[in-house]
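See below for the structure under consideration.
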Amino acid sequence: MQRDTIPQKARLDHQVAVISGAGRGIGRAAAERLCRAGARVVLTSRTPYQVEEAAKAIAAQGGQASAFAADVSQWADVRRLAEFVLETLGPPRIVVANAGVIEPVGMSWTLDPHAWADNVAVNLLGAFHMVRAFLPAMMEVGRGVLIFTSSGAATHPVAGWSAYCAAKAGVDLFAKTLAEELEAAQSGIRVHVLYPGVVDTAMQQKIRETPPERLPRVEAFRAYHAHGVLRPPEEPAALIWWLATPFAEDYHGRVASLDDPAVRRRLAADLGLPVFPSRGA
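Start counting the sequence shown at 785; every next residue gets the next number (the numbering used here).
Shown next as structure tokens:
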């Protein structure tokens, strides 16, 4: 992987990064980005073949990547993941809580209670599990970055997405509370939340396939795809890379949205990338 054109302050040489939801989409693209910047990345998801294939593809390009299958909604799985990382690579410098699901979709009074709880378990409890598993070791060395993939759906209601909206709103406030706790502890660890925008992933495909009676706004999402305004996963992956660098220190405890022109300009200037377009979604 070519690294000699990366600005020195953006390099992540030898830093250990753990990314959940890394088998595809934003997580996989982020793993590729961080590896190109010099990080040693552990990819995890609950689908073994996806993370194994992703890690092999990165390694074939000269990156340092390994795979570990884990379901972030299950504490025992995440604890085993942390044991593997700490024993083989040491405390991570970067932890990206990226795993997320959209289902169940539909009017709240029609949804299966277990499916609703499962959504919260992945999106919100999974984020807590990543923190609980890795943060103590990070605090011992007094440095690191925690990055949470959230969504604009955390800030406004979307009919049909009650579980997803509630869980992502929880992620936002959890991360902001964690930032205050870490400041009080003078830990030296940063916390970031990112809104990736509307991204061309498998989740978006599922959204487009949802019938209108379960998601009244589905035609808007179909139009995003038809009009070519979906962001490629590589764009939020670049935002994750930027948040992992010292360039983003002033975004500690804040949301960095890829739909914010100021954020796009800063990450482009700092990382030496073209400015990503607004996409119009």
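Don't be surprised by glycine CBs; every beta carbon is placed ideally from N, CA and C. Nothing here was measured: the structure is a model prediction, and the numbers come from that model.
- Nearest to histidine 976 by C-alpha distance, out of Glu867, Leu1027, Tyr1008, is Leu1027.
- With a cutoff of 9 angstroms on beta-carbon distance, valine 885 and asparagine 903 are scored as near each other.
- An exposed status is given to valine 1059, since fewer than 16 other beta-carbon atoms sit within 10 Å of its beta-carbon.
- Straight through space, the alpha carbons of isoleucine 878 and phenylalanine 868 are spaced by roughly 15 angstroms.
- Counted as a single uninterrupted DSSP element, the stretch harbouring serine 946 is not any beta strand (DSSP E) but the alpha helix (DSSP H) occupying residues 946-968.
- Around the Cβ of valine 925, a 10 Å sphere holds fewer than 16 other Cβ atoms; the residue is exposed.
- For serine 1062, the closest of Ala883, Val929, Asp855, Arg1048 by C-alpha to C-alpha distance is Arg1048.
- Between the region 938-957 and the region 997-1004, the count of Cβ pairs shorter than 8 angstroms is three or higher; the stretches touch.
- Rounded to the nearest angstrom, the gap between the Cα atoms of valine 889 and valine 982 is 17 angstroms.
- Excluding sequence positions up to five before and after alanine 813, its CB lies within less than 6 angstroms of the CB of Pro1017, Glu1018, Ala1021, all in the same chain and listed in chain order.
- Remark: three or more beta-carbon pairs, one from each stretch, lie closer than 8 angstroms, so the region 1027-1037 and the region 790-806 are flagged as touching.
- At the C-beta level, valine 915 and alanine 938 stay beyond 9 angstroms of one another.
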